[in-house]
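**Q** Per the numbering used here, the sequence shown starts with residue 248, numbered consecutively.
By construction, the Cβ of each residue, glycine as well, lies at the ideal position given by its N, Cα and C atoms.
Quantities reported herein were computed from a predicted structural model and do not represent experimental measurements.
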Amino acid sequence: MFRPNGLNLYLLANSTWYLAFAIQMVVFAWLITIQLNESPTRVGVAQMALLLPSLIFILIGGSLADRYGGRLIAIVGQSAAALGPIGLTLIIVSGHLSFQTVILFALWMGTAQALVTPARDGLLAKLAEGKVQKLVIKVSMIQFGIQILGFMVAAKADQLGATTVLCTQSIILTLGVIAFAVLQVDESTSRLDIGFPRHIVDSIIEGFTTVRSTPALLTVTLQNLAMGLFLMGSYIVTLPLLIRQNHEGTSSELAWMNIANAVGLFLSSMTLLRIGGVKRPGRALLVSLAVAGFLLGCAAFARSFAELIFIVFLWGASGGFVMIMSRSIMQEQAPAEQRARIMAFFSLSFMGAGLFGSLLNGYLVEIFHAEGALVFAASGIALAVVLIHVTSSIWQLESHWS
248 MFRPNGLNLY LLANSTWYLA FAIQMVVFAW LITIQLNESP TRVGVAQMAL
298 LLPSLIFILI GGSLADRYGG RLIAIVGQSA AALGPIGLTL IIVSGHLSFQ
348 TVILFALWMG TAQALVTPAR DGLLAKLAEG KVQKLVIKVS MIQFGIQILG
398 FMVAAKADQL GATTVLCTQS IILTLGVIAF AVLQVDESTS RLDIGFPRHI
448 VDSIIEGFTT VRSTPALLTV TLQNLAMGLF LMGSYIVTLP LLIRQNHEGT
498 SSELAWMNIA NAVGLFLSSM TLLRIGGVKR PGRALLVSLA VAGFLLGCAA
548 FARSFAELIF IVFLWGASGG FVMIMSRSIM QEQAPAEQRA RIMAFFSLSF
598 MGAGLFGSLL NGYLVEIFHA EGALVFAASG IALAVVLIHV TSSIWQLESH
648 WS
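#1: Give me the Cα-Cα distance between arginine 318 and glutamine 431, rounded to the nearest whole angstrom.
#2: Is it right to say arginine 586 is buried, meaning 16 or more other beta carbons lie within 10 angstroms of its own, or is it exposed?
#3: Can you tell me whether asparagine 261 is helix, strand or coil according to DSSP?
#4: Go through its chain and collect everything with a Cβ distance to valine 467's Cβ below 6 angstroms, but skip five positions before and after it.
#5: If we count Cβ pairs, one from each stretch, closer than 8 angstroms, do we get three or more for the region 550 to 567 versus the region 359 to 379?
#6: By DSSP, does phenylalanine 391 sit in helix, in strand, or in coil?
#7: Looking at the structure shown, is arginine 550 part of a helix, part of a strand, or coil, going by DSSP?
#8: Fully enclosed by the region 283 to 367, which alpha helix (DSSP H) runs are 4 residues long or longer?
#9: To which residues of the same chain is valine 622 closer than 6 angstroms at the C-beta, ignoring the five residues directly before and after it?
#10: Counting along the chain, where does the alpha helix (DSSP H) carrying serine 640 start and finish?
#11: Nearest-angstrom Cα distance between asparagine 508 and leucine 488?
#12: Take the Cβ of aspartate 440 as the centre, count every other Cβ of all protein chains shown within 10 Å, and call the residue buried at 16 or more, exposed below.
#13: Can you tell me whether DSSP reads proline 487 as helix, strand or coil?
#14: Just verifying my parser: in three-state terms, what is the DSSP assignment at leucine 430?
#15: Excluding sequence positions up to five away, which residues of its chain have a Cβ less than 7 angstroms from the Cβ of glycine 604?
#16: Return the chain-ordered list of same chain residues with a C-beta closer than 6 angstroms to the C-beta of alanine 276, the five sequence neighbours on each side being excluded.
#17: Beta carbon of alanine 267, beta carbon of glycine 397: below 9 angstroms?
#18: Once the 5 residues before and after isoleucine 393 are set aside, which same chain residues still bring their CB inside 8 angstroms of it?
#19: Would glycine 309 and isoleucine 589 qualify as a contact pair, given that the criterion is a beta-carbon distance under 9 angstroms?
#20: Count the other C-beta atoms from every protein chain shown that fall within 10 angstroms of the C-beta of glutamate 495, then say buried if there are 16 or more, exposed otherwise.
#21: Using only the alpha-carbon positions, how far apart do alanine 631 and valine 429 sit?
#22: Please go through the same chain and pick out, in chain order, the residues whose beta-carbon is closer than 6 angstroms to the beta-carbon of isoleucine 419, but skip the five residues on each side of it.
#23: Buried or exposed, going by whether 16 or more other CB atoms sit within 10 Å of the CB of leucine 634?
#24: So, at 7 angstroms on beta carbons, what are the nonlocal neighbours of phenylalanine 427 in its own chain, with the 5 sequence-adjacent residues on each side left out?
#25: Measure the alpha-carbon distance for glycine 417 versus tryptophan 642 and round it to whole angstroms.
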């Protein structure tokens, strides 16, 4: 039975974000790719707009969370996110939906995410009671499981209409704001006497120095660049365009692609939870990243929609191991007083690379079609795995909180 203790409230707030985020992923791609029928390059630009605020603001969000507490910043960020779908709904109802208005929506939601993500990640270790990897796995399992529900809701966008789905997204985000508001967690903040801008700059520099001087943190941050550039870029740009190019291109098909990926992610996290974690997360990270790259290349040769969905499911399972292991390593290796900032660098490396990956994959689809873009991205992942294995000691890394 659900009891409103700190961990349960955190999991509830977390769930509302990812449920709403899942709805947004499908609806946003549907509006740009299907409803507005934009070119591959403009699809890439639209997805870039969703990620651009993270590149600019996420380090500030992490510093704000360390200074004022993750709970407060999460409330502010998620409240802003709840207003975004309402604004887009009003635009649609007024008949002014356009590429430009969708870009404005993307920038607003991306800014809210830049506040929420490091604040929420910084709270996790405070509730883990020393079992960080296990809580990361549990949170990931709930995240991926709840996303399946979100994708199912978004699959009905053709029948329900975008306005109904967007209003549902706003209500879900508002529930998360309430959960964060009720949450009580012991947070030691760093409210120093120096000026606010100076504090932000100094805290970002301190976090960067910590990441650069800690081999495990630096390696995971660098592999995140490859993931964002090739895996995330392929997922949010190339695969939707592949579906439009070779299949019917409905919101239902886009949703099924996301559902298949989320089911794979969910099963990988459930498997990790059952086996009790991984002693050598670096090895699990590299092996699963290599498998994910291979499967991405296989998607280019799918002969039917069903075959594509099965490959995406397997890809999601391998990607789940990558995401959980990389997040676990960052949480374990980060100093407690810098955790929100370190996780902000983690998110920045992924989202920032995803931003450029969106543009890159849009251009690749224009030149080589979707299949060629997928093969290019798969080759990039293979090269990254080899370089990381040769140049780092991540293969020998052991978890001390598993």
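**A** According to the structure shown:
#1: 8 angstroms
#2: buried
#3: helix
#4: Ser573, Ile576 and Met577
#5: no
#6: helix
#7: coil
#8: 287 to 315 and 317 to 340
#9: Gly544 and Ala547
#10: No alpha helix (DSSP H) holds serine 640; DSSP gives it neither H nor E.
#11: 16 angstroms
#12: Because the pLDDT of aspartate 440 is 48, which lies under 50, any placement of that residue in the model is unreliable, and the number read from its coordinates should be weighed accordingly. That one is exposed.
#13: helix
#14: coil
#15: Gly475, Leu476, Phe477, Met479 and Gly480
#16: Pro487 and Leu501
#17: yes
#18: Ser262, Tyr265, Leu266 and Ala269
#19: yes
#20: exposed
#21: 43 angstroms
#22: Thr263, Leu266 and Ala267
#23: exposed
#24: Ala260, Arg318, Ala321, Ile322 and Gln325
#25: Here residue 417 turns out to be serine, not glycine, going by the sequence shown. The alpha-carbon atoms of serine 417 and tryptophan 642 are separated by roughly 43 angstroms.
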